[in-house]
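S.K.: Sharing a structure, written as structure tokens. Questions coming.
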Amino acid sequence: MIYTRSAQADVEVTTSAERLFDYMDDQANPGTHMQRSSAMMLWGSMAYEFDDARGRSVGSVIKMTGKVAGVKLYVEEVVIQRQPPFLKAWETVGEPRLLVIGSYRMRFQIEDSGRLCRLHVFIDYNYPSSVVGRIAGTLLGAIYARWCVKRMAAAATAAFSTKLGPG
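In this text, residue positions in the sequence shown follow my numbering: the first is 656, and each later residue adds one.
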């Protein structure tokens with residue numbers, strides 16, 4: 656699929672590439688911003704549903720359902736690339752039911768330099784296909800996409816901000 660829009664966030668994380676990849680590979684970790692009610696989520700939230708591989712293998716399916724501003728949302732994703740400890744990518748399957756972005760591909764890349772890693776989080780996306788969705792996407796899609804990748808990157812930074820790291 657060809658995507659017409661994109662956003663990216665980059666952070667430095669004090670940990671090994673292996674530990675950072677393990678954290679990011681569990682979709683629920685970088686996706687905590689979707690699971691909590693917030694102003695950007697219009698006080699709604701999404702819940703994850705995983706297959707047996709829990710998003711940790713190519714072909715693994717991840718579903719999210721929820722309600723935002725009274726609208727039921729649904730998206731199904733599939734992991735399309737996974738190269739531990741440096742790269743993972745996943746994309747939507749079918750037409751997601753979302754408010755301001757439509758189909759998308761997300762990925763993260765890790766550059767390792769010993770105790771410090773550079774994490775890059777990307778989203779490539781299209782506006783929703785409906786007329787209302789295209790209008791909402793034009794107005795809010797870029798803001799939401801930037802917020803999403805920044806929240807994912809910030810979750811990783813926060814997870815390793817103590818000497819013990821996550822878990």
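Glycine residues also receive a C-beta, built at the ideal position from the N, C-alpha and C atoms.
Hey, how far is the Cα of V786 from the Cα of S758?
M.R.: Here residue 786 refers to the residue found at position 131 when the sequence shown is read from its first residue. Here residue 758 refers to the residue found at position 103 when the sequence shown is read from its first residue. The straight-line gap from Cα to Cα measures roughly 15 Å.
S.K.: Is I778 helix, strand or coil by DSSP?
M.R.: Here residue 778 refers to the residue found at position 123 of the sequence shown. Strand, per DSSP.
S.K.: Return the Cβ separation of R762 and L742 in integer angstroms, given the expectation that the two are a contact with Cβ distance under 8 Å.
M.R.: Here residue 762 refers to the residue found at position 107 of the sequence shown. Here residue 742 refers to the residue found at position 87 of the sequence shown. About 7 Å; that satisfies the 8 Å criterion.
S.K.: Since E746 contacts R760 with CB under 8 Å, what's their CB separation in whole angstroms?
M.R.: Position 91 of the sequence shown, counted from the start, is the residue given in the question as residue 746. Position 105 of the sequence shown, counted from the start, is the residue given in the question as residue 760. Indeed they touch by this definition, with Cβ atoms about 4 Å apart.
S.K.: Excluding the 5 residues preceding and the 5 following A791 in the sequence, name in chain order all residues of the same chain whose CB lies nearer than 6 Å to its CB.
M.R.: The sequence position of residue 791 within the sequence shown is 136, counting from 1. The residues are L754, V755.
S.K.: Buried or exposed for V726, going by 16 or more other Cβ atoms inside 10 Å?
M.R.: Position 71 of the sequence shown, counted from the start, is the residue given in the question as residue 726. So V726 counts as exposed.
S.K.: The beta strand (DSSP E) spanning I735 covers which residue range?
M.R.: Taking the first residue of the sequence shown as 1, we reach residue 735 at position 80. From DSSP, the beta strand (DSSP E) with I735 extends over 726-738.
S.K.: Taking only three categories from DSSP, how would you classify R709?
M.R.: Residue 709 sits at position 54 when you count from the first residue of the sequence shown. Coil at R709, not helix or strand.
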